[in-house]
Amino acid sequence: MNASAKFWNKVAAGYSRQPIAGEAAYQKKLQVTREYFQPNMKVLEFGCGTGSTAIAHAPYVQHIQAIDFSSNMIEIAQAKADAQNIQNVTFEPASIDQMSVPDKTYDAVLGLNVLHLLENKEEIIAKVHNMLQPGGLFITSTVCLGDTMAWFKLIAPVGKFLGLFPSVNVFTIKDLEKSLTDAGFVIDYQWQPGDYKSPIGNAKIVFIVAKKAE
Ligand SMILES: C[S@@+](CC[C@H](N)C(=O)[O-])C[C@H]1O[C@@H](n2cnc3c(N)ncnc32)[C@H](O)[C@@H]1O
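Numbering (this note's numbering), first residue to last: 7 to 220.
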């Protein structure tokens with residue numbers, strides 16, 4: 007298991023007890039996402055954490071494959087799904103890096119609060135593009151530290167080494183837009199909820215619905 011997966015395993019129980027930061031913005035993101043969903047859609051969510059979003063979206067699509075490389079996160083997610091008798095979400099401990107599925111498997115892929123944690127964001131965005139049907143959707147909400155906290159780049163490796171943070175990738179909203187369009191996506195919807203307020207600074211968040219060409 008890599009250091010970041012260990013980090014997320016350690017914090018999983020605490021993460022599941024935290025109230026959702028920015029409930030109104032979270033509800034708006036759920037709502038916008040559902041406007042794109044169809045009942046026959048097959049969806050992948052990677053970095054699903056404790057599963058709340060996959061469970062919330064379950065009634066609106068055919069099936070959700072929800073993965074996270076922290077087995078503790080998946081255990082909590084599965085317990086929540088069992089308690090609510092959710093039948094159409096499959097939770098699985100897996101890394102998006104190692105996941106292998108045939109091209110065009112999914113109608114939509116969700117990557118929520120996770121792209122900034124990837125060491126190989128471009129590779130994963132390209133992988134998601136391959137996994138999607140023509141016209142498929144990549145829906146992401148991402149903390150972009152590069153706009154207001156670019157200095158974090160300097161302390162991120164030290165924090166990771168000391169086990170204080172997981173791996174954190176610093177980029178701007180413009181960088182993310184470019185990564186998506188370079189991979190072949192067209193940005194169909196974009197919204198900036200309020201900043202992510204951390205004890206060491208405020209960062210921009212961007213919510214994007216990106217579409218693969220038909
Ligand atoms: C900040 S949490 C977000 C959880 C959830 N998506 C949410 O919005 O509450 C990031 C999650 O991504 C997972 N994660 C990070 N990198 C991953 C990877 N390469 N493959 C699978 N899961 C990953 C972590 O284990 C963690 O549960």
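Using N, Cα and C, we set each Cβ at its ideal position, and we do this for glycine too.
Which term fits V49, buried or exposed, when burial requires 16 or more other beta carbons within 10 angstroms of its beta carbon?
buried
Whose C-alpha, out of E183, A216, F191 and T178, is nearest the C-alpha of A209?
T178
Burial state of K110 (16 or more Cβ within 10 Å)
exposed
Measure how close the beta-carbons of Q139 and Y112 come, nearest whole angstrom, since I'm counting them as under 8 Å.
7 Å
Length-filtered (3 minimum) beta strand (DSSP E) runs lying within the stretch 25-59
48-52
Using three-state DSSP, classify S204 as helix, strand or coil.
strand
Report whether the distance from the Cβ of C54 to the nearest heavy atom of ligand 1 is below 7 Å.
yes
Within the continuous alpha helix (DSSP H) that includes D181, where are the two ends?
I179 to D188
Going by alpha carbons, who is nearest to G142 out of H69, I26 and A114?
A114
Rounded to the nearest angstrom, what separates S76 and L168 at their Cα positions?
19 Å
Inspect the beta-carbon positions of I70 and T146 and report whether they are closer than 8 Å.
no
Going by C-alpha to C-alpha distance, which of K34, A89 and R23 sits closest to Q198?
K34
Can you tell me where the beta strand (DSSP E) holding L4 begins and where it ends?
Because the chain is modelled from 7 through 220, residue 4 falls outside the range shown and cannot be assessed.
Inter-residue Cα distance where the pair is C150 and I161
16 Å
My assumption, with CB atoms under 8 Å, is that G57 sits in contact with F13. Please give the rounded CB distance.
19 Å between Cβ atoms; not a contact.
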